[in-house]
Structures are given as structure tokens and as C-alpha cells.
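> Protein sequences appear in the order of chains D and H.
Position 90, counted from 1, in the first sequence is what the numbering used here calls 114; the numbers after and before it change by one each time, with no gaps.
Position 33, counted from 1, in the second sequence is what the numbering used here calls 57; the numbers after and before it change by one each time, with no gaps.
Where a beta carbon is used, it is the ideal one built from N, C-alpha and C, also for glycine.
Number of protein chains: 2
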Amino acid sequence: MIIQIEPQSDVPIYTQLTNQIIEGIARGYMHPGDSLPSVRAFAADLGVNMHTVNKSYHELEKKGIIRIIPKSGAVINSPVEISNNSERLLEEFKPMIAEALVLGLDKEQIQELVTSLIQDIKGKP
Amino acid sequence: MIIQIEPQSDVPIYTQLTNQIIEGIARGYMHPGDSLPSVRAFAADLGVNMHTVNKSYHELEKKGIIRIIPKSGAVINSPVEISNNSERLLEEFKPMIAEALVLGLDKEQIQELVTSLIQDIKGKP
DNA sequence: AAAATTGTTATATTGAAAATAGAACAGAAT
DNA sequence: ATTCTGTTCTATTTTCAATATAACAATTTT
């Protein structure tokens, strides 16, 4: 799985990494039960610092997407063992929905946008 | 319209302000053509610095939601005079959709989430 | 059993961003 | 004419992002 980091971006490196790992799982490049690379190996691979990868892993753990086993590694959780995050998801989605509405999109157009994104992600290639 | 700033939050004050203004417009508390308060008055009202409000206004202008008329004020744009932002919206939505998928939500559940948010916002009270 | 690898923790430094503060300017509104 | 507007400038403080080492203890590998 290919990760592309843009050091110049205004979005922090650890967030870029978090998002791309999530997208990689969503696309099926990685599966529940799989281990993520060690923070050191991954950092060396990406050319970033170990702590930057570590921060990303802990962000993923906070979201419930992986579990970090001390002195061992990071493992991708299966959806069934993830606690209910609908509350947090709602709060994360709200600003975007509001923005789309203000920009003039109606309900159907927003649903189309969501649908096309889901198909883009799930229709792997 | 009531704005609530949480200084302790990890999301910057100017972003909190931007999001709440957007939500306020989406909810119909403010309308296209309306003027936003002056940066000074708003800042005094919120108990924050003038430049923080100014930064929020420029963020809103970048999104196309308001226009800033030099030496005059900030005015809410109508949707029709907003250029096409679908490209940026797609990029903003993607990480959230991917996260929702990884957390185990299927297409229908995500659509439901979006629908409930839209109804919450548009069904004013 | 010994060596290597793991995540963790701690400290330190650098650079950028966030937020505040005060001041001054020129155009607009009253 | 006075006030108010957004703009611009400089400056400071604080926080965050990122890097850099180093050391520790437990797990894995050899």
C-alpha cells in the first residue's frame, strides 16, 4: 500500500498518515487482523520521525480503528469490535454538511456526493 | 444568533467561529445579503481578539460564503453567486466517508447519518 | 540464552501557527 | 466632521508540529 506524504501541506503529517491509513483500510488494501508496520520501520520508510508515526497510531486508536498492543504492535480492529462512535461521527460530519448546504447543494446533491465517494472507495481498483 | 466559543478546545477559535457562522447561515438565522458584524464589534462581543475574527472572515471568503467589501463590511453571498466548489467539497468529505466505512457503517447507514444531519439543520427550531 | 525489535517515555530543540496586543491608515458611513 | 470600517504593520506569548537522541522493559527472533 502506497502512502504519499506532502510535507508542504497545511495538514499535519500525522493527520495525512492517519487519513491515508483509514482510506487504505476502507479500500481493502489492509484488513482487520492485519498488523501495521512498526513505528520505526514505517517512519524510516516514509522519511519522517518515529514520533510522528506514533502520534498517528494513537489517533487511530482513539478513533477505535486499531488497537496498540504494548511491546508488540498495532493491529487493525474489525468493525464488530469497535464501540459505538455515531456521536463523534455526527459532530465530525456536521460542519461539512452545513457548508454544503450553504454553498447551495440540496439534499439530493449531497447524497449524490456521498454516494460517488463511497463507490470511489469501495469500487477498489 | 448565539455563538459559543470554547477556548480550551483543540480546534482553533477562528475555525470554531467559521463553523458556527456557516451553521448559522445553514439554519436560516442569517441570510444572503445580510451583513456580518464588524470584526471589532464581533470580537468584543465574543471576548476574543479582532484579528481572530478577521481570520475567520477571510476563511469564509476563501470558501466563497461571504464577500468582504474593503472599508465597508462582510456580506453573505447567495448560493447562486458562489463558484463551483464541488472539487474541494469532495476532498473535504473523503476522509470522513472513509472513516465511517472503516467503522463498519454501510452505505445506507451513512446516508441515514447525512439525512438526519440535514433535517436537524434545516428543520430549524 | 542472547540479540534484535517492539512500543513507551523522557528531554530538548527548531520552526510554524494561533492568539493577543497596540497602533496607524484611508476610505466609508453617519 | 466625527465615527466606524477593514487593512496593515510590528511585537509578544503560547501552543503545536516535527525532529532528534536516548534509555527502558517486554516481546520476538535467532
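Would you mind stating whether L141/H and K118/D have Cβ atoms separated by less than 7 Å?
As a position in the second sequence, residue 141/H is number 117, starting the count at 1. As a position in the first sequence, residue 118/D is number 94, starting the count at 1. Yes. Within cutoff.
> For P56/H, which of D130/H, V63/H, L41/H and I46/H has the nearest alpha-carbon?
For the purposes of this step, residue 56/H is taken as residue 32 along the second sequence, with counting starting at 1. For P56/H, the closest C-alpha among the options D130/H, V63/H, L41/H and I46/H is that of I46/H.
> Chain D partners of Q135/H, CB-CB under 7 Å?
The residue you call residue 135/H lines up with position 111 of the second sequence. Within 7 Å Cβ-Cβ: Q135 and V138.
> Indicate whether the contact test is met: 3 or more Cβ pairs, each with one atom in the region 96-112 of chain D and one in the region 59-66 of chain D, closer than 8 Å.
yes
> Taking buried to mean at least 16 other C-beta atoms within 10 Å of its own C-beta, is Y53/H buried or exposed?
Here residue 53/H refers to the residue found at position 29 when the second sequence is read from its first residue. Classification of Y53/H: exposed, given that the 10 Å Cβ count is below 16.
> Taking the alpha carbon of L70/H as the reference point, which residue from I93/H, L41/H, I92/H and I49/H has its own alpha carbon closest?
In the second sequence, the residue the question calls residue 70/H occupies position 46. Nearest of I93/H, L41/H, I92/H and I49/H to L70/H, Cα basis: L41/H.
> With which residues is I92/D paired in a DSSP beta bridge?
By 1-based counting over the first sequence, the position of residue 92/D is 68. A98/D.
> When you compare each of I134/D, K86/D, P36/D and G48/D to N109/H by their alpha carbons, which one comes out closest?
The sequence position of residue 109/H within the second sequence is 85, counting from 1. Answer by Cα proximity: I134/D.
> Could you check whether the Cβ of E132/H sits closer than 7 Å to any Cβ belonging to chain D?
As a first step, residue 132/H is located in the second sequence; it is residue number 108 there, counting from the start. By this cut-off, E132/H is not an interface position.
> Does S5/D come out as helix, strand or coil in the three-state DSSP assignment?
In the structure displayed, chain D extends from 25 to 149; residue 5/D sits before or after that span and is not available.
> Could you pull out every residue in the same chain whose Cβ sits closer than 8 Å to the Cβ of G88/D, ignoring the five residues on either side in sequence?
Translated into positions along the first sequence, residue 88/D becomes position 64. Counting only Cβ-Cβ distances below 8 Å, and skipping sequence neighbours, we find N101, I106, S107 and N109.
> Express the C-alpha separation of K86/D and I145/H in angstroms, rounding to a whole number.
Within the second sequence, residue 145/H is the residue found at index 121, counting from 1. Within the first sequence, residue 86/D is the residue found at index 62, counting from 1. The alpha-carbon atoms of I145/H and K86/D are separated by roughly 28 Å.
> Taking 7 Å as the CB-CB limit, is A122/H close to chain D?
Taking the second sequence and counting its residues from 1, one reaches residue 122/H at position 98. Answer yes: the Cβ-Cβ gap between A122/H and chain D drops below 7 Å somewhere.
> Kindly identify the DSSP beta-bridge partner or partners of E33/D.
Translated into the one-based positions of the first sequence, residue 33/D becomes position 9. Sequence inspection shows Ser at residue 33/D; the Glu mentioned does not correspond to that position. Answer is none; S33/D lacks a bridge partner.
> Using alpha carbons as the reference points, say which of I26/H, N78/H and R51/H lies closest to Y38/H.
One-based indexing of the second sequence puts residue 38/H at position 14. When only C-alpha atoms are compared, the closest one is N78/H.
> Around the Cβ of M25/D, are there at least 16 other Cβ atoms within 10 angstroms (buried) or fewer (exposed)?
Counting from one through the first sequence, the residue named residue 25/D turns up at place 1. Under this definition M25/D is an exposed residue.
> Label V138/D either buried or exposed according to how many other C-beta atoms from any shown protein chain fall within 10 Å of its C-beta, with 16 as the threshold for buried.
Counted from its first residue, the first sequence places residue 138/D at position 114. Classification of V138/D: buried, given that the 10 Å Cβ count is 16 or more.
> So what's L62/D in DSSP terms, helix, strand or just coil?
Within the first sequence, residue 62/D is the residue found at index 38, counting from 1. Per the sequence shown, the amino acid found at residue 62/D is Ser instead of Leu. If DSSP states are grouped into helix, strand and coil, S62/D belongs with coil.
> Out of K131/D, Q143/D and I29/D, state which residue places its alpha-carbon closest to the alpha-carbon of T76/D.
As a working note, residue 76/D is residue 52 in the first sequence. Ranking the options by Cα distance to T76/D, first place goes to I29/D.
> Closer than 9 Å, Cβ to Cβ, to anything on chain D: give me those residues from the region 80-91 of chain H, in chain order.
Flagged, chain order: K87, G88 and I89.
> Give every residue of the same chain whose Cβ lies closer than 7 Å to the Cβ of A50/H, excluding the five residues on either side of it in the sequence, and list them in chain order.
Looking up residue 50/H in the second sequence gives position 26. Excluding positions up to five away in sequence, the list reads I145.
> Does the Cβ-Cβ distance between A65/D and M74/D come in under 7 Å?
Taking the first residue of the first sequence as position 1, residue 65/D is located at position 41. Taking the first residue of the first sequence as position 1, residue 74/D is located at position 50. It is not a contact, given that the beta carbons lie outside the stated cut-off.
> Contact check, M120/D vs E83/H under 8 Å by CB: the rounded distance?
Residue numbering aside, residue 120/D sits at position 96 when the first sequence is read from its first letter. Residue numbering aside, residue 83/H sits at position 59 when the second sequence is read from its first letter. Not really, about 14 Å apart at Cβ, beyond 8 Å.
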